[in-house]
Structures are given as C-alpha cells and as structure tokens.
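Below: one structure, written as structure tokens.
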Amino acid sequence: MNRKFYEGSIMNISSNIATLVFCVLVVLAYESSSAASGGAAESDTIRSIAPYFTPASSSPKAPDADGFLQRWMLLEPINKPNRTNTVFTDSYIRNAFDTLYFPSQFTGVPRDGQKVTVAGKELSWHAVESSNFNVKLFRFAYGLNKPIYGVLFWAVTVVNCPREMKNVRMAVGSNSASMWWLNGKEAVILSGDRRMVMDDCVSKRLTLNKGRNIIRGAIINGPGMSDFCVRFIDENGDPIKDLTVNLEAGN
Amino acid sequence: MSYSIFDLNRFDLGGFMKFRILAVTVLTLLSLWLSCQAQALNGKPYIHDPSTITLCDGKFYTFGTGGGGLISDDGWTWDGGAVRPGGGVAPDVIRIGDRYYMTYARGGGGMSGGHASNVYVMWTKTLDPKSPDFGFKDETLVASTDVVEDFDAIDSAFLLDPTDGRLWLSYGTYFGFIRLIELDPKTGKRMPNNKALNIAIDCEATAMMYRDGWYYLLGTHGTCCDGANSTYNIVVGRSKKVTGPYVDNVGIEMLKGGGKSVATASGRFVGLGHFGHMDLGDGVEKFSCHYEADLDRSGYSVLDIRPLLWKNGWPVGGDNFKQGTYEIQSERSGFALELAVDFVRMPRVGRGFFGGPPPAAPGVPGTPATNPPAANAPGANPPSAGGPGGAGMPPGFGNRAPAGPVTSIPIQDLSEVSKNWPAGNIDIRIGDFMMRPHQKWTITPVDSVGGYPGSPYFKITIAGTNRALAATADAEVIAVPVFTGSLEQLWRIDQLTDGTYRIMPKVVPGSKEQLVLTAVGGSTPTLAKFDPKSDKCRWNFRTP
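Chains as they are written, first to last, in numbering that gives the first Met the number 0: chain A, 0 to 250; chain B, 0 to 543.
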C-alpha cells in the first residue's frame, strides 16, 4: 500500500471507506456549487501560503531553537508526474536532479520574484520564512494554486557563518525523496518513499566556510504530502545555531 | 520429544541406504548447529576456579586452583604463565592502589576427607612474573576453620565497597555457611575484632559486587568437579546492606538456600561456576567463569568470558556473539544497516489490502523505465493514484478471499539484484528492513587476528558475497568489494548490559580513537565515540 496516497493504515479500512464516502459527497457538493455559481470555487479564491509562510525579511535570521533553517527561496513546483513515490531509487533521483530544468539551476542565488521557464511554463522564486521547523512544500504549492502532486521543488538558502566550522553535518528530513548540495558539492541524498523526519539522513562531516555558504536542495514528490527540514549538527549531534540566514546577501 | 538416530523404526526407514542418508543428514545438521555456537576462549584456557580477571600493564591475568594461572594479551587468546605461590585452591585478585591483593585457601572443601582450612591474603606490585617488581609479600591468615564448625575456609573473594572504600571477603562452601569478614584495604589483613557473618548456605565459589544501591552475592549451586556430569550453575541474591540479608527474586533468603539463576549450562559447555565480574567501562560488563567441561575440548575445565546483562536490577548471563546471517537493526530507529543501492521491488503478486488482480495500468508520463514503475510489466502493480477502480482507488477494493491456490512466494534472491550493484565501494545507510539481499549480513569470526575479552574479531559481509563492512579514514563506513582481512574490516561486537550490541572496528585508519558504529541520523550510520546513554550507538542482531 502506498501510505502517502491512502494516508492510513490497514487497520483503518472502515475509516478510509467513511472518508471516501465523505470525499465523494464533498466533491458532488463542490461541483454542484461550482455549476451554480458558474465560476471557480470560492475556496480557490482564498488560497494562500499563510499561515505556513511569511515573506522573508531583509534582516539576518537565526535558525530556530533546534537549529532548523526556516528562511528559503522556493521555486514554484516543476511538473514531474509520478503516480507513486516508490520509484525514487538513488539512480532515479540522481538522474532527475542532474537534469537541467532552467538556467542557473546549480549556480547562484535567485531573487524574490525572479522567473524561470521550465518546459514552456514560467515559474517564480519566492523568498519565504516557514512558520514551522519544516518547510511545507505542499502548502506552498497549494497556496499558490500550483500543482501539488507529481512535482519537483527547488530550494535555495544562504547560511552565513561567523567562522569556519569543521566536522559539521547537514541533517535533512524530506517528503519524499530529495538531494542537497552545500557550496556546489553533493552533501546528502534521501532516496525512496520517504517521510519527513528530522535528522533522517545526515551528510558526512562537512566544513562550513566563514561567511556565505549556499545550500541548494531538490525535492521530488508523487502523490501525498511534501515538505522538508534542514539543520546543521555538530559531532555530538547537537544543533548548530550560531548561524544566520540572509537571502539578500546572496544577491 | 527426541529420537535416537538409531531408532530407525520411528522414521519408517528401511535399508542401509536410508540409514546412511539419515546419518549424513543428522551429521550435517549437527555440523551446521555446531558452527553456529560461540566457542569458548582461544588458546589454552584450561583452568578451574578462576580468579576475577585482572588487568595489569596491558595484560589480562587469572589464577586458578593448584597454583599458576593464565595470561592473555587481548582477553581472547589465553595461555599459561601466570605465577601464584602457595598452591591450594580458588584464588581471587583485586587491585587497590598500587597493590594486587591475592587471596587463596589451603585445605578444606572435603578434599582428602577434611574441612579444616585456611584463607590467606598476600600482595604484589605486579602480576607480571617477568617484572622485577613481581613477588608476593606479607602472606597473612585471615580466616580459618576446623572440622567442628559448619563452614569451609576456602573459595574466598574480595569486594571493595565503592560507596565507602571498605574491603570485604566472602568465603565458604556447601559445608555450612558462606561467611563474610572485613579486611583492612591498606594491608589486606583482617580488621581487628572483626566477627564473621553468615550470609548464605548451599553454595560455594562466591563473589560479590555493587551496583545502583544494591550489593549482589553471587554463588555457585550444583555439583562441582564431575566433568560433563557437573551441575554447577551460577545464582545471585541481593541486599541493600553489604552484610545482608541477601534475598533472591522470589524473596527467599540465601541463608535459606535462595538464589536467582544467572547462568547455566548451554551449548557445548557444562557446569558454570566461579563468577568474576569484569567492568570494561562505557557500559560494557562481562563476567568470567569456568565450565566444568567444554565438550569441544575433551571435557576439560576451561575459562570463559561472557556478556553480563542487567534486567530489572538483576544480573543475567549473556551469550557471546554467534556467527550467522543477521539483520543489523538500529536501536535508534528500528531500521536496518544496508548497502546504499537501488531498491528493487518484488513483483506485486500479493492481493493484500485491496484484492483483485494487477491492473492494466496506463502509462504515466515521466515514469522512468528503470526498476519499479514498470506498471505494464507482468505481475507489477505499484501503488496507484488511479486505476480502474475509480475515484483513485485500485481495483477490487475491499477484502476478498484468494480465488486460486495459496502459494509460498520466494524472497528476493541475491542473484536477482547484485549484478546491478556497483563494482567498487558502496556507501552504507540505514533503511526499512525488507529481508532483501542488500540488508543481510553474514558475520563470521576471523582466525589469527586476535580478539577482545570473550570473543574473536569478526568480518561482516553481505550474505553470499565477499563485500565487507569497513571503516574509512574519515570515520565513516562503507562496503568494500572484497574482504582482505585489513584491520579496518575487523569488527568487535560487545553485548551491552541491556542486551543490545556495540559494534566497533578494530581500527579507524589514521586514527587512534576508538569509534563505534553510530546512527548519526535515523537513516545514516557513521563512526563516533561511544555514548553509553544513547541508543544511537546500540544495535540488535535479528535473524532475517
């Protein structure tokens, strides 16, 4: 069973059936309402990325109390149809993320509002701050009226270090598979039909440069929830918090 | 129920050929069974009544009945050479400051028909007989008995109370009481006006230890000195006071014969006795004992070192690691150590939750041609976001009994997947255990490379291959294509007091640090300093 699609366990069969019936009724009611109004559903007109995100400010932002990076530049989702997340083997996601979808994909830091064109579709970068420790990509896409399933997200942030930090690790959780780079070098890969868990996959020991460090991530998802969380941890597994994130610094 | 291999009528086997087949089968199974047993210590660990194993100048020492004793460089391979004067029986050793105190006894135990016996204490600066500092001094009598009293003055053992520094000595046999006296830790002599206390009956070869507010009195029950027929076994009682009363797990005082079982005969080893505690630090505890008979060594009495576990405040004798093929499960996440290779799906032949046959699913743009989503492949039925069932549900929604015969499905075989694995080094990660070839590890002792207290070093290879787990110079773990026997491919496996295991490479290239396999992430292993308090450093071995 694909846990993401069905969002439940085998023990919840009756619950799922009830949910299915409920959803059918909701869809019927929605279609009836749409037909009556002759336009888009009301819910579509009020979609927003709030309260999950706020616009990123220009002042440096520290990680949260657990060291999670909350300020990110997110690209609207690239259409990448997959009806299941079980396809995300290492080989598959390496191939998917090695593909060049837009110029400067692996270089530079985008500006808020900057647009790229992927397969004929214009997509925008958004400088946002997550209200949570994790970055809810599903809510980002949903709030912007973008595709929510069968998608590929790109995320970029800039971490400023007060000094060189050796033997640190990038600790990532993502839903579903993802791949992450630090200053242009692959840091960690999360393959398979993954759930987002903090410190799920952890890089080998890395060095954060004094000053700017560019973190780039790509997250792919078929059906179901999509989100990620990133932080740096030290040799003891404790979060590194004396960092700041300032997307403007990358411009 | 058991059958004799000679009782052929029970198996309805006629003729000599069938007997041969049966005999070969039995011998093969026996051979396989034997190969799965942990062996006792390496070398010549022949001893009876071993003293508590003591580390001196980097070597392990134990002393036995009759004089002399054993020495080991690593705790795995043992040989004679230790020297103890005085003869007699059942010594014990403890280090206090710069002295090694030795206790032993002469006479008693019913040997030669008598119980008159004496316990002595002496000390030396070193246990190394080749050292100029070696030499026992100040032998002094600390306890004695004659044939009138109900105890033997033999089988003495030290306890240095960590709470107050007082030194105690227990001694005695089945002939009456186990007794406790106090010694002066500065001299080894008996404290003035000290009166012996009776603390147990029905045991011998006692030892004592302290842990978390409890004093533990370990004794040996059963019959000694009868080779393969000895019923020796180790029991324990505990008390909040060193002076007792010592009570077992069901409330029976050891003065009334109580004692909770700690370790008994098993495998090829008969008659466990003479407990000795070994605290190796970092939460690793072991115990030494002798087997009255090691059936793989002509039934001789030998030394062994085994893990000591703790359960609900009671010591439990563990077993040394047995070779075999296992899942290596992270205590942190419950996931399994595996090669970082592409997961290969098994054909979706099951009906499972949704029932119904595999759908003729439409192709999906962007679906890769590799591995699972071959939706149109025979038998393939990946989880679907849509299908003929409508409303996003797969076909046959709901439970349904199988229409055809129910069959056994073979698990994925190594040959089905290994041809696509990289030829060189492969990263290691931790993932959901699915009984797949890249998750099954065969763990085998390696000869002639030394060991550690109780065990040899092991190689850890993917089952059916020679791909071996290895430590890297950057303190990570990989699988190398071929086991070469290099030191970073040798692994120490210690069972911890909670029953989980610590896994440690013999060396980390370019490093002098002792690092252990650690789940630094839920799905990521590394090598890091051992943290006894963290489940990140703990692993389980499960039979796949």
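The beta-carbon is built from N, C-alpha and C at its ideal position, and this holds for glycine as well.
Bear in mind the structure is a predicted one, so any value in this text is a computation, not a measurement.
Any C-beta of chain B under 8 Å from that of residue 200 (chain A):
yes
Contact belief for residue 76 (chain A) with residue 140 (chain A) at Cβ below 8 Å, rounded distance in angstroms
5 Å
Residue nearest to residue 416 (chain B) in terms of C-alpha spacing, selected from B:499, B:46, B:435 and B:82:
B:435
Residue 525 (chain B) and residue 448 (chain B): beta carbons closer than 8 Å?
no
Does any CB atom of chain B fall closer than 8 Å to the CB of residue 144 (chain A)?
no
Buried or exposed for residue 206 (chain B), please, with buried defined as at least 16 other CB atoms from any protein chain shown within 10 angstroms of its CB.
buried
What is the rounded straight-line gap between the Cα of residue 108 (chain B) and the Cα of residue 153 (chain B)?
7 Å
Show which residues of chain A have a CB atom less than 7 Å away from the CB atom of residue 475 (chain B).
203
Going by beta carbon distance, what residues of the same chain come within less than 7 Å of residue 137 (chain A), once the five residues before and after it are set aside?
147, 224, 225 and 226
Do residue 154 (chain A) and residue 169 (chain A) have their CB atoms nearer than 8 Å?
no
So, under 8 Å CB-CB, residue 546 (chain B) and residue 535 (chain B) are touching, yes? Tell me the CB distance rounded to an integer number of Å.
Since the first residue shown for chain B is 0 and the last is 543, residue 546 (chain B) is missing from the structure and cannot be characterised.
Can you check which of these residues, B:504, B:204, B:192 and B:210, is closest to residue 162 (chain B) by C-alpha distance?
B:210
Going residue by residue through the segment 457 to 497 of chain B, where are the continuous beta strand (DSSP E) segments of at least 3 residues, counting only ones entirely within it?
457 to 461, 467 to 470, 476 to 479 and 490 to 494
Given 8 Å as the limit, is there contact between the segment 154 to 168 of chain A and the segment 211 to 220 of chain A, that is, 3 or more CB pairs closer than that?
yes
Give the residues from the segment 315 to 340 of chain B that approach chain A closer than 8 Å (Cβ to any Cβ), ordered along the chain.
339 and 340
Strictly under 8 Å for the Cβ-Cβ distance: is residue 196 (chain A) near chain B by that measure?
yes
Every unbroken beta strand (DSSP E) inside the segment 138 to 211 of chain B [3 residues or more]
156 to 159, 166 to 171, 176 to 182, 196 to 200 and 203 to 210
Counting contacts by CB-CB distance shorter than 8 Å, is residue 110 (chain A) in contact with chain B?
no
Under the rule that 16 or more other beta-carbon atoms within 10 Å means buried, what is residue 45 (chain A), buried or exposed?
exposed
Do residue 213 (chain B) and residue 312 (chain B) come within 8 Å of each other at the CB atom, strictly closer than that value?
yes
So, with DSSP's three-state summary, where would you put residue 117 (chain A)?
strand
Just mark residue 408 (chain B) as buried or exposed, buried being the case when its beta carbon has 16 or more other beta carbons within 10 Å.
exposed
Listing by chain order, which chain A residues have their CB less than 7 Å from the CB of residue 523 (chain B)?
200 and 201
Residue(s) in a DSSP beta bridge with residue 511 (chain B)
Paired residue(s): none; residue 511 (chain B) is not in a bridge.
Decide yes or no for the touch test of the segment 419 to 431 of chain B against the segment 330 to 340 of chain B: beta carbon pairs closer than 8 Å, at least 3 of them.
yes
Between the segment 491 to 510 of chain B and the segment 451 to 460 of chain B, do at least 3 Cβ pairs fall closer than 8 Å?
yes
Spell out a yes or no on whether the segment 81 to 98 of chain B and the segment 54 to 73 of chain B are touching, meaning 3 or more CB-CB pairs, one atom from each, closer than 8 Å.
yes
Residues near residue 87 (chain B) in its chain [Cβ-Cβ closer than 6 Å; skip 5 each side]
103, 104 and 105
Using CA coordinates, which residue listed in B:199, B:463 and B:497 is at the minimum distance from residue 481 (chain B)?
B:463
Output the boundary residues of the beta strand (DSSP E) element that contains residue 211 (chain A).
210 to 220
Output yes or no for whether 8 Å exceeds the beta carbon distance between residue 68 (chain B) and residue 46 (chain B).
yes
Might you give, ordered along the chain, the residues of its own chain that have their beta carbon closer than 8 Å to the beta carbon of residue 125 (chain B), omitting 5 neighbours on each side?
55, 56, 99, 132 and 133
Just verifying my parser: in three-state terms, what is the DSSP assignment at residue 279 (chain B)?
strand
Can you look up residue 195 (chain A) in the DSSP assignment and give me helix, strand or coil?
coil
For residue 232 (chain B), which of B:203, B:166, B:240 and B:244 has the nearest alpha-carbon?
B:203
Opposite residue 516 (chain B) in the DSSP bridges: which residues?
B:526
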